[in-house]
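Here is the structure we will look at.
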Amino acid sequence: MSDEQDLLAGGGPKLPTLKFEKPGDTHGGIVTDVKKLEDRDPAGNAKTWPNGDPRFVYVLSLKTETEGECNLWARGVMINAIREAAKSAGVTELVGNKVSIRYTGDGEQKNKAFNAPKLFAAKVEKVATDDRW
């Protein structure tokens, strides 16, 4: 399927994913799109909560100054940080505004089978219409 067919079918070109590898890593840019998807494990199986409800992940497409257009996959603690930052900034929509995320460190490792959770801080800034593009 061509990129144009994928776009018209509701998909779109795949964008590079922003990664947070070490504390202090920060990424941000103007949000161009937000998608809510059912979260999946590496094998492609749907992730669910203990009660059976599906888990979700939010994919923010960003236009950045350094990486160009990229995707930021937000789940768990990162979602909470973005929500708090948007509330503090008085922002009710992310699209068209600037979002910055910083990996601040690791939380408590509660299960030896899993890595400690990453902790994040977020900043959301209203962008004047003239500055968005």
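In my numbering, the protein residues as written are 162 to 294. Every residue, glycine too, gets a C-beta built ideally from N, C-alpha and C.
Run through DSSP, which three-state label would residue i get?
{"i": "ASN206", "result": "coil"}
{"i": "LYS248", "result": "helix"}
{"i": "ALA242", "result": "helix"}
{"i": "ALA289", "result": "coil"}
{"i": "LYS259", "result": "strand"}
{"i": "ASP214", "result": "coil"}
{"i": "ALA235", "result": "strand"}
{"i": "LYS196", "result": "strand"}
{"i": "LYS273", "result": "coil"}
{"i": "THR253", "result": "coil"}
{"i": "LYS180", "result": "coil"}
Can you give the beta carbon distance from residue i to residue j, rounded, assuming they're within the 8 Å contact cut?
{"i": "THR265", "j": "ALA282", "result": "5 Å"}
Should residue i go down as buried or exposed, given a rule of 16 or more other Cβ atoms within 10 Å for buried?
{"i": "GLY251", "result": "exposed"}
{"i": "VAL256", "result": "exposed"}
{"i": "ALA247", "result": "buried"}
{"i": "ALA207", "result": "exposed"}
{"i": "PRO177", "result": "exposed"}
{"i": "PHE275", "result": "exposed"}
{"i": "LYS259", "result": "buried"}
{"i": "GLY189", "result": "buried"}
{"i": "GLU165", "result": "Confidence in GLU165 is poor, its pLDDT being 42 and thus under 50, which makes the residue's placement unreliable; the coordinate value appears in the next sentence. Its Cβ having fewer than 16 others within 10 Å, GLU165 is exposed."}
Please name the residue or residues paired with residue i in a DSSP beta bridge.
{"i": "ARG201", "result": "ALA207"}
{"i": "LYS224", "result": "ILE191 and GLU230"}
{"i": "ASP301", "result": "In the structure as shown, the chain starts at 162 and stops at 294, and residue 301 therefore has no counterpart that could be examined."}
{"i": "LYS175", "result": "According to DSSP, which records beta bridges pairwise, LYS175 is partnered with nothing at all."}
Thinking just about the alpha-carbon of each residue, which of the options is nearest to the one in residue i?
{"i": "GLY268", "options": "VAL285, VAL238, THR253 and ILE191", "result": "VAL238"}
{"i": "LYS183", "options": "LEU280, GLN270, ARG201 and VAL260", "result": "LEU280"}
{"i": "TRP234", "options": "GLY185, VAL285, GLU226 and GLU199", "result": "GLU199"}
{"i": "LYS197", "options": "ASN212, ALA277 and VAL218", "result": "VAL218"}
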